[in-house]
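**Q** So the sequence shown is numbered by full-length UniProt numbering: it starts at 1 and just counts up by one. The beta carbon of each residue, even a glycine, is placed where N, CA and C say it ideally should be. Source: prediction; values computed, not measured.
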Amino acid sequence: MSGDIQPCACCAQPLGSAARRRHREQYLERVRQRFAENPDPNPNPEPNTSASQANVPPIPNEPNIVTIGQLAEEYHNGAQDFPTLGDVVMHKLSPTPPPFLPSALVQGLRCNPPVTIEEWPDIDTDASSVASDIEDIPASAPDRDPEFIEQEGPPQLNPVDEPLIEDKEMRRLLELEYGDIEDDEWIDLYTRIISPKDRNVLRLLATRLRTHFSRQTYNDLRYGVCEELDLPSEFVAWRRLRILSGLESCAYDCCEARYQLNGTARRVFRYTPLIPQLRALFQDAEMAKKLNYRVEAEQKREPNKIFDVFDAEHYCSLRETVLNPDTGYHFFDNPQDIALGLSTDGFTLFKRRRRGHSTAWPLILINYNLHARIRNRLENVICVGVIPGPKQCKDLNSFLVPLLYELLELESGVDCPAPPTPDREGHNFVFRAFLIMILGDIPAVAKLLMMKGHNALKPCRTCMIEGVICYLEHNSVYYVPMADPHDENIVLTYNDLQLRTHQSFLDQLDEIESARTKTARGKLATKYGLNARSIFTQLRSIDLATCAPYDAMHLLFENLVPNMIKHWTGQFKGLGQGTGNYEIDPREWAGVGLKTVGIRRTVPSAFVSVMHDIAQDGNLFTAELYAFWIQYVAPVVLKDVLPQEYYK
């Protein structure tokens, strides 16, 4: 946008020089046409006293009056701009702007009504529970996170701010940038008919998302090789996509003024509704066919074998549970019913950061009605929102309230149109969706279930094993040995552990909530390892004791395997090898790394991504690489390197 912002002589709006020049040309062209049609400069000497002119104030006497003829002459003689607004003979009234479309076509962002959230206590935190093991970076380090600056003032004409701008504000910004917007252009922006131009725009946006090219590249294509396609700006393109999809995000605020007293904007959480996204799946015939995988998996189920979530005990018990006694409907009786899983975890916006900062939490839903091969692909996962950073949220459940409302509605059933097919006419049907599983690492699941977490007296979410305090130099932590360190005669077996049940969760929560004093509630919360009642207790499809199975990726390939390697290389938390003899000589371990790199020439890329030197570049290993290495590479490269008793 040009920095030369001045009031336009025609409409009094603050415009840039390019926009003012276009206004001049349009204005003078209209003057010439009117003069050609009626050369008499004063055809109606009597003033017009109609209602539309009754309230127009008289033109004040101003010096140095400039007529339209003089104005046109100066323009053709090379004048760069009009005189100031006060020198032009015009009523100081802005012209009537073109009317907006009816509200049925123009749908801005809606700010949902305030929600009632219980006062939940803060979750106990310590350094060990933070989802990062990266050390603090000095303030002067070049790769430290930039300082987080909250946006102040209203959003501007920027694709990043596009979701925050309502229609009225958007039209004002577009006119400020491009000049007058004709009514037909505004209507074209909101029409639901997809034109060939729209298809080109959507293809380019899809390419931008897929390849992550910059906005500068988008503009280079727009004004370069794709100039004949007449593509809009990226800002307008994203708004057009939002209109065509019909997916309007909802703004949840703090139910207070937008700005604090110091002018800083308050935080806003944006939520993308789930139900419209699920309805859209049934509008595509090919996708609707893929959603039948759940029914097919049920038909192929084999006793005592688990291939997918539909073979698990929890899903099988739901299939036998009556949801509506009046109709006899059981969970997932309808073939169109959808099974969902919720996954979340904190991730860093930069490669390095200080502990607990630059953390955002995406809320991702997994559609289990799709085959396991495709359900986790980027185009098939459903993101309903991202809990903003830069710090971790203390009460994650409060951000799940919009999702809970939709899940309760989906539990009752929602209408969905089915498009016509060659064999069947279009019709409406009712489908349901049920959340049956929660996914995440141990800290994330602790936040979702409102538990104390892994550094608590009762840390486990599946049993009531009690931790033993361990006093360290800087802090104290709990660990959970099977053998009592104070009594060597007490050794627990897995059969001795008291398992949690859904009913035990509810009973313990009732006991905590019924305590009369805050101190009593705190003691009970510590005793049971619970902070407060999870929001998921309101869903009938959730079993708190079994809904969050331990994730094999975090448990094995991001925890157990790296720790085994640290044991082999003598780097495990400063511990020696004790009486064992499992440490590998550094030279032999370097050879293991070279052999690992050597498999690149023989292992297809479809099996695993590029394998790095595990001895030199172990920090580059992901869970995928660890999984492939420990299962297929380690048995070969560790033969005759690791002592035989440990190799077996």
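Give every residue of the same chain whose Cβ lies closer than 7 Å to the Cβ of MET553, excluding the five residues on either side of it in the sequence, and list them in chain order.
**A** Excluding positions up to five away in sequence, the list reads ALA623.
**Q** Taking its Cβ as the centre, do 16 or more other Cβ atoms sit within 10 Å of LEU499, making it buried, or is it exposed?
**A** When all chains shown are included, LEU499 counts as exposed.
**Q** Per DSSP, THR272 is paired with what?
**A** Paired residues: none, contrary to the question.
**Q** With H, G and I counted as helix, E and B as strand and the rest as coil, what does DSSP make of SER317?
**A** In the structure shown, SER317 sits in a helix (DSSP, three-state: H, G or I).
**Q** Unbroken alpha helix (DSSP H) runs of length 4 or more, entirely within the segment 286 to 341: which are they?
**A** You should have 293 to 299 and 313 to 319.
**Q** Just list the residues that DSSP pairs ASN428 with in beta bridges.
**A** BP columns for ASN428 point to PRO417.
**Q** Between GLU425, GLU406, LYS290 and ASN304, which has its C-alpha nearest ILE374's C-alpha?
**A** Per the Cα distances, LYS290.
**Q** Using the Cα positions of LEU560 and GLU313, report the straight-line distance between them to the nearest angstrom.
**A** Approximately 27 Å between the Cα atoms of the pair.
**Q** Do you know offhand how far ARG172's Cα is from ALA237's?
**A** Their backbone Cα atoms lie some 17 Å apart in a straight line.
**Q** Checking 7 Å against the spacing of the C-beta atoms, do ILE436 and SER317 come in under that value?
**A** For ILE436 and SER317, no; Cβs fall outside 7 Å.
**Q** So does the segment 428 to 442 actually touch the segment 519 to 527, counting three or more Cβ pairs closer than 8 Å?
**A** The segment 428 to 442, when compared against the segment 519 to 527, does not touch it at the 8 Å Cβ threshold.
**Q** Am I right that LEU396 and LYS447 are in contact with their C-beta atoms under 8 Å? What's the rounded C-beta distance?
**A** Right, their Cβ atoms sit about 4 Å apart.
**Q** Within the same chain, show all residues whose beta-carbon is closer than 6 Å to that of GLU558, passing over the 5 residues directly before and after it, in chain order.
**A** If we look at GLU558 and ignore the five residues flanking it on each side, its Cβ neighbours are ALA623.
**Q** When the distance is taken between beta carbons, is PHE399 closer than 7 Å to PHE269?
**A** Yes; because the gap between Cβ atoms is below 7 Å, this pair is in contact.
**Q** Figure out for me which residue from ASN376, ALA372, GLU406 and ASN369 has the closest Cα to the Cα of VAL384.
**A** With distances taken between Cα atoms, VAL384 lies closest to GLU406.
**Q** If we count the other Cβ atoms within 10 Å of its Cβ and call it buried at 16 or more, is VAL445 buried or exposed?
**A** Burial call: buried.
**Q** By the DSSP assignment, the alpha helix (DSSP H) with MET450 in it spans what residues?
**A** No alpha helix (DSSP H) holds MET450; DSSP gives it neither H nor E.
**Q** Beta-carbon separation of TYR647 and TYR582 under 7 Å?
**A** It is not a contact, given that the beta carbons lie outside the stated cut-off.
**Q** Expressed to the nearest angstrom, what Euclidean distance is found between the alpha-carbon atoms of PRO303 and ASN369?
**A** For PRO303 and ASN369, the distance between alpha carbons rounds to 21 Å.
**Q** Using 10 angstroms around the beta-carbon of ASN617, count the other beta-carbons present and answer buried if the total reaches 16, otherwise exposed.
**A** Asn is not the amino acid found at residue 617; the sequence shown has Asp there. With fewer than 16 other Cβ atoms within 10 Å, it is exposed.
**Q** Starting from the C-beta of ASN428, find all residues in its chain whose C-beta is less than 6 Å away, skip the five residues before and the five after it, and write them out in chain order.
**A** Around ASN428: ASP415 and PRO417.
**Q** Can you tell which of PHE621, LEU638, VAL597 and LEU625 has its C-alpha closest to the C-alpha of TRP568?
**A** Of PHE621, LEU638, VAL597 and LEU625, the residue nearest in Cα terms is LEU638.
**Q** Use the C-beta contact count for TYR293: other C-beta atoms within 10 angstroms, 16 or more gives buried, fewer gives exposed.
**A** So TYR293 counts as buried.
**Q** Please classify LEU247 as buried or exposed, where buried requires at least 16 neighbouring CB atoms within 10 angstroms.
**A** Flag for LEU247 reads exposed.
**Q** Can you tell which of ASN334, GLY593 and GLY570 has its C-alpha closest to the C-alpha of ILE584?
**A** Among ASN334, GLY593 and GLY570, the Cα nearest to that of ILE584 belongs to GLY570.
**Q** So ALA372 and ASP308 are supposed to be a Cβ contact under 8 Å. How far apart are they, rounded?
**A** That belief holds up - the Cβ atoms of ALA372 and ASP308 are roughly 6 Å apart, short of 8 Å.
**Q** Pull up the distance between the alpha-carbon of residue 663 and that of ALA360, whole angstroms please.
**A** The structure shown has nothing for residue 663, since the chain only spans 1 to 648.
**Q** By the DSSP assignment, the alpha helix (DSSP H) with THR211 in it spans what residues?
**A** THR211 -> alpha helix (DSSP H) spans 196 to 211.
**Q** Count the other CB atoms, across all protein chains shown, that sit within 10 Å of the CB of LEU506; report buried if there are 16 or more and exposed otherwise.
**A** With fewer than 16 Cβ atoms within 10 Å of its Cβ, LEU506 is classed as exposed.
**Q** With a CB to CB cut of under 8 Å and the five nearest residues on each side skipped, what residues in its chain are close to GLU513?
**A** Hits under 8 Å: ARG521 and ARG533.
**Q** Please state if the CB of ASP543 and the CB of HIS502 are separated by a distance shorter than 7 Å.
**A** Yes. Within cutoff.
**Q** Given this structure, state the Cα-to-Cα distance separating THR421 from ARG600, to the nearest angstrom.
**A** Going from the Cα of THR421 to the Cα of ARG600 covers about 48 Å.
**Q** I'd like to know whether the C-beta atoms of VAL480 and ILE490 end up nearer to each other than 7 Å.
**A** Result no, Cβ atoms of VAL480 and ILE490 do not sit closer than 7 Å.
**Q** Output the distance between the C-alpha atoms of LEU530 and LEU509, rounded to the nearest integer angstrom.
**A** The straight-line gap from Cα to Cα measures roughly 8 Å.
**Q** For the segment 516 to 573, list the alpha helix (DSSP H) runs that are entirely contained and at least 4 residues long, ordered along the chain.
**A** Listed in chain order, the complete alpha helix (DSSP H) runs (minimum 4 residues) inside the segment 516 to 573 are 518 to 528 and 561 to 568.
**Q** If you drop the 5 nearest sequence neighbours on each side, which residues of the same chain put their C-beta closer than 6 Å to that of LEU404?
**A** ILE535.
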